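Chains as they are written, first to last, in my numbering: chain A, 1 to 417; chain B, 1001 to 1417.
Where is the CB? At the ideal position from N, CA and C, for every residue including glycine.
What you are looking at is a predicted structure, and each value in this text was computed from that prediction instead of being measured.
Written below as structure tokens is the structure these notes are about.
2 protein chains.
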Amino acid sequence: MSYTLPENIVDPVKLDRLAEVAVKVGLRLQEGQDLVITAPVCALPLVRLIAKHAYQAGAGLVTPFFSDDQIALARYQHANDASFDQAADWLYEGMAKAYSKNAARLAIAADNPLLLSSQDAGKVSRANRANSKAYQPALEKIANFDINWNIISYPNAEWAALMFPDASPEDATRQLADAIFAASRVDVEDPVAAWEAHNAALKERTTYLNAKNYHSLHFKGPGTDLTVGLADGHEWMGGASVAKNGIICNPNIPTEEVFTTPHALRVNGHVSSTKPLSHQGTLIDNISVRFENGRIVEAKASRGEEVLNKVLDTDEGARHLGEVALVPHSSPISKSGLLFYNTLFDENAASHIALGQCYSKCFVDGANLTPEQVKAKGGNSSLIHIDWMIGSDQIDVDGVNADGSHEPLMRKGEWAY
Amino acid sequence: MSYTLPENIVDPVKLDRLAEVAVKVGLRLQEGQDLVITAPVCALPLVRLIAKHAYQAGAGLVTPFFSDDQIALARYQHANDASFDQAADWLYEGMAKAYSKNAARLAIAADNPLLLSSQDAGKVSRANRANSKAYQPALEKIANFDINWNIISYPNAEWAALMFPDASPEDATRQLADAIFAASRVDVEDPVAAWEAHNAALKERTTYLNAKNYHSLHFKGPGTDLTVGLADGHEWMGGASVAKNGIICNPNIPTEEVFTTPHALRVNGHVSSTKPLSHQGTLIDNISVRFENGRIVEAKASRGEEVLNKVLDTDEGARHLGEVALVPHSSPISKSGLLFYNTLFDENAASHIALGQCYSKCFVDGANLTPEQVKAKGGNSSLIHIDWMIGSDQIDVDGVNADGSHEPLMRKGEWAY
């Protein structure tokens, strides 16, 4: 039992910039706004800096909630069976109340990807289900984008050891910190300006794609020949976007993707994954699936095939797509060559598709659509939303118009229009 | 900015015993009971051990809330003026809900007594007032003893430096840890048995005092000539007591006091403090106040007088007493000769009185009294409850009967009946 002590390892200037970017770009925190932070206790040095920047920006009250891996494990090691159906519903209801009073929300992702991998899978799944159910009132307000929110990341020694198994714990943590800083664009003198430029570049892409209003996308490359129909009235999003409280924020840091909603019934052909997928402590590699009319009718993987098939059996929506995203092969995260075992990073290294639930915000006037209207336009629904990478420097992507004509979008993984 | 690292300094066997005593004696946590913990982040090693013992005792879910001195200071250093009227009402309402569902509550006290001493007194007072008001729904359930609860302590480097200014930070922390372990009676082989014996000794005192049913107490010594009327139907308590949920627990560890409810309108005379009071980051020393018909009409202090007067202005109840407690001068904490700058310890080194809210449990059949009935019997109500020490080896205490006759209770600070 020990603290991780990254404050002695992590570059303090870049860490302060990350905190500044979280407050000024990620949240665009407004004067008088309260802030709720969830973070692992190892991220304390970053939370302290975020509190400083938040109060400097005029925050009302900053309320941090710290979790701890050892306390989480103590439950699996010592608790009675009945414990695994419990969740802190009173806490999540409280958070939901804070969000309805316009508190902003910042999450720091620094999970050990393998924390629960050797625990009883049934208990893990019951605890997750109980927690998801209790969390629903708060999650709804985040998922519906009622308020400005942001996720950023912080190095954790166990996570670093997984990514850099040959390095010493200190070196591994330092390398992970540097990778997070680079991906989060805080390794430059003026990170806020860098984010403005990046948001503008992503905005150009979404403006172009929305004007084109393609009927579908066509992905072609080794092991892949896939047509992804786009939902009726789909809207491309990327980078900064407007929350319902009127604040323009960057929910994910890093972010490199532009993304929209596919049509759940108009996906055909076959596709191969280009990076391993880390799902609940298991690696799934060399995925290869075949779609017929939007449904996955055949699925293989060289590793983790059983877990993949369990995922696909979650519900009917798990066999259909809920998101398609384009990311150039030259994105900084892709160029790092690192596998982060964390979707916040890995989904920004390559074009990808997601099984499961779609985002209603990825429709024109999405904020005002009912679930029935979303479905009628081709939006998929499911309990899951799992991204996996299908882009590489060997993949071409075309935009396909309603009349069947093709226009080049990406060639060898790079933008080509 | 650094972590305190007491887990490398503090005796791990005694620390584990402290966690065990908190769960088995302090809370007497029941199978299936949830547990809410509030703790400074420096107490993480103790919180981890408490989580282990709680789950071993059959806890449902353990939910810790960590506070951090640096984040608290960031607010005073950087926040807008309006921030100091904010509080996390949604969080305290959530805690109140957890307690109404029978969650137990453990607080770890490890505050730096001087944390806020150089901050603006007006802002400190406004922030405390906003927080007390927001905390009220949760505090009520603790103060009314609806559930089993416990406070224990943990060393903090800044606190230790204040107590042992000539020692190195490591030595000071080790000495504070040893003082906490001794006061908490975990420096013996079987601390659970030691607590059973101690609870029995306190029970003898309360049984005697309850049989006497005095009309008032009279304190006399240097700077003190004070008559404290006791509330109608008051009941003396001390050591273990029964919460309304039926669980026999030890709310305070350590505890050496026997205590009851004074009559809010029948306190007369003057009294001087015998130890400095550390109140939310400020030291208040050499307090001297005069009561007329229960109300403080004059208050002085050689240090912190401004803060004292702000406290008294919180509400009308802040000028009246809510508790009177007797502690022999030979108590182990008193004999240690240490000033802890922490009420949990210092109130167990000397007889004391408390400004503000009374404990409804300190009435015969208190669990069934309405707030109106408590008030009619002389019970005080306020947003605050602040203990300060008036006992020493120079103070005599008499029990005064309704007919005006006096009986000796303490002489030169020791039990004398």
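By the 10 Å Cβ neighbour count, where 16 or more other Cβ atoms means buried, how is residue i classified, buried or exposed?
{"i": "residue 367 of chain A", "result": "exposed"}
{"i": "residue 1246 of chain B", "result": "exposed"}
{"i": "residue 1207 of chain B", "result": "exposed"}
{"i": "residue 117 of chain A", "result": "exposed"}
{"i": "residue 977 of chain B", "result": "This structure cannot speak to residue 977 of chain B, because chain B is shown only from 1001 to 1417."}
{"i": "residue 1013 of chain B", "result": "exposed"}
{"i": "residue 1168 of chain B", "result": "exposed"}
{"i": "residue 6 of chain A", "result": "Residue placement at residue 6 of chain A cannot be trusted, given a pLDDT of 46 that sits under 50; what the coordinates show is reported in the next sentence. So residue 6 of chain A counts as buried."}
{"i": "residue 77 of chain A", "result": "exposed"}
{"i": "residue 1400 of chain B", "result": "buried"}
{"i": "residue 1322 of chain B", "result": "buried"}
{"i": "residue 1417 of chain B", "result": "exposed"}
{"i": "residue 1256 of chain B", "result": "buried"}
{"i": "residue 248 of chain A", "result": "exposed"}
{"i": "residue 1222 of chain B", "result": "exposed"}
{"i": "residue 293 of chain A", "result": "exposed"}
Less than 6 Å between C-beta atoms, sequence neighbours within five positions excluded: which residues of the same chain meet that for residue i?
{"i": "residue 241 of chain A", "result": "none"}
{"i": "residue 1134 of chain B", "result": "1087, 1089, 1092"}
{"i": "residue 1177 of chain B", "result": "1010, 1155"}
{"i": "residue 1020 of chain B", "result": "1053"}
{"i": "residue 1355 of chain B", "result": "1318, 1386"}
{"i": "residue 282 of chain A", "result": "304, 307"}
{"i": "residue 1277 of chain B", "result": "1284, 1388"}
I'd like the list of long-range same chain contacts for residue i, defined as Cβ closer than 7 Å, with 5 residues on each side in sequence excluded.
{"i": "residue 1426 of chain B", "result": "Nothing about residue 1426 of chain B can be read from this structure; chain B reaches only from 1001 to 1417."}
{"i": "residue 1252 of chain B", "result": "1151, 1344"}
{"i": "residue 308 of chain A", "result": "284, 287, 299, 301"}
{"i": "residue 1102 of chain B", "result": "1033, 1147, 1245"}
{"i": "residue 1225 of chain B", "result": "1269, 1270"}
{"i": "residue 443 of chain A", "result": "Because chain A spans 1 through 417 in this model, residue 443 of chain A falls outside it and cannot be assessed."}
{"i": "residue 210 of chain A", "result": "235, 236"}
{"i": "residue 60 of chain A", "result": "32, 33, 34"}
If I follow the unbroken beta strand (DSSP E) through residue i, where does it start and stop?
{"i": "residue 1150 of chain B", "result": "1149–1153"}
{"i": "residue 321 of chain A", "result": "321–326"}
{"i": "residue 269 of chain A", "result": "262–272"}
{"i": "residue 1067 of chain B", "result": "1062–1067"}
{"i": "residue 227 of chain A", "result": "224–230"}
{"i": "residue 1422 of chain B", "result": "Since the first and last residues shown for chain B are 1001 and 1417, residue 1422 of chain B lies out of range."}
{"i": "residue 1251 of chain B", "result": "No beta strand (DSSP E) holds residue 1251 of chain B; DSSP gives it neither H nor E."}
{"i": "residue 1027 of chain B", "result": "Looking at the DSSP string, residue 1027 of chain B is not in any beta strand (DSSP E), and its letter there is neither H nor E."}
{"i": "residue 1300 of chain B", "result": "1295–1300"}
{"i": "residue 216 of chain A", "result": "216–221"}
{"i": "residue 1387 of chain B", "result": "1385–1389"}
{"i": "residue 1059 of chain B", "result": "Neither: residue 1059 of chain B is in no beta strand (DSSP E) and is coded neither H nor E."}
How far does the alpha helix (DSSP H) with residue i in it extend, from its first residue to its last?
{"i": "residue 1343 of chain B", "result": "1343–1346"}
{"i": "residue 112 of chain A", "result": "Where residue 112 of chain A is concerned, there is no enclosing alpha helix (DSSP H), given that its DSSP letter is neither H nor E."}
{"i": "residue 411 of chain A", "result": "Where residue 411 of chain A is concerned, there is no enclosing alpha helix (DSSP H), although the beta strand (DSSP E) it sits in stretches over 406–411."}
{"i": "residue 159 of chain A", "result": "157–163"}
{"i": "residue 275 of chain A", "result": "Segment: none, residue 275 of chain A is in no alpha helix (DSSP H) and carries neither H nor E."}
{"i": "residue 236 of chain A", "result": "Element bounds for residue 236 of chain A: n/a, residue is neither H nor E."}
{"i": "residue 1311 of chain B", "result": "1305–1312"}
{"i": "residue 132 of chain A", "result": "121–143"}
{"i": "residue 1039 of chain B", "result": "Here residue 1039 of chain B belongs to no alpha helix (DSSP H); instead the beta strand (DSSP E) covers 1035–1040."}
{"i": "residue 1290 of chain B", "result": "Here residue 1290 of chain B belongs to no alpha helix (DSSP H); instead the beta strand (DSSP E) covers 1288–1292."}
So, is the C-beta of residue i closer than 7 Å to a C-beta in chain D?
{"i": "residue 104 of chain A", "result": "The question asks about chain D, but that chain is absent: this structure's protein chains are A and B."}
request  = Below 8 Å between beta carbons is the criterion; list the residues of the region 1063–1087 of chain B that meet it against any residue of chain A, in chain order.
outcome  = 1063, 1064, 1065, 1066, 1068, 1070, 1071, 1074, 1075, 1077, 1078, 1079, 1080, 1082, 1083, 1086, 1087
query = Listed from N- to C-terminal order along the chain, which residues in the region 1031–1050 of chain B have their beta-carbon within a distance smaller than 8 Å of any beta-carbon of chain A?
reply = 1031, 1032, 1034, 1041, 1044, 1045, 1047, 1048
inquiry  = Closer than 8 Å is the cut-off here; do at least three beta carbon pairs connect the region 394–409 of chain A with the region 358–375 of chain A?
reply    = no
request  = Check each residue of the region 50–61 of chain A: if its Cβ is closer than 8 Å to any Cβ of chain B, include it; give the result in chain order.
outcome  = 51, 52, 55, 56, 58, 59, 60, 61
Contact set between the region 1147–1168 of chain B and chain A, restricted to residues whose Cβ is under 9 Å from the partner = none
task = May I ask you to verify whether the region 1344–1357 of chain B touches the region 1318–1332 of chain B, counting CB pairs closer than 8 Å and requiring at least 3?
result = yes
message = Counting beta carbon pairs with one atom in the region 210–224 of chain A and one in the region 181–188 of chain A, are three or more of them shorter than 8 Å?
response = no
At least three beta-carbon pairs within less than 8 Å, the region 26–43 of chain A to the region 256–270 of chain A = no
message = What are the residues in the region 1109–1133 of chain B lying within 8 Å of chain A by C-beta distance?
response = none
ask   = Given 8 Å as the limit, is there contact between the region 1069–1076 of chain B and the region 1016–1035 of chain B, that is, 3 or more CB pairs closer than that?
value = no
ask   = How do the region 1094–1109 of chain B and the region 104–118 of chain A stand: do at least 3 beta-carbon pairs fall below 8 Å, yes or no?
value = no
ask   = Listed from N- to C-terminal order along the chain, which residues in the region 1087–1099 of chain B have their beta-carbon within a distance smaller than 8 Å of any beta-carbon of chain A?
value = 1087, 1088, 1090, 1091, 1093, 1094, 1095, 1097, 1098
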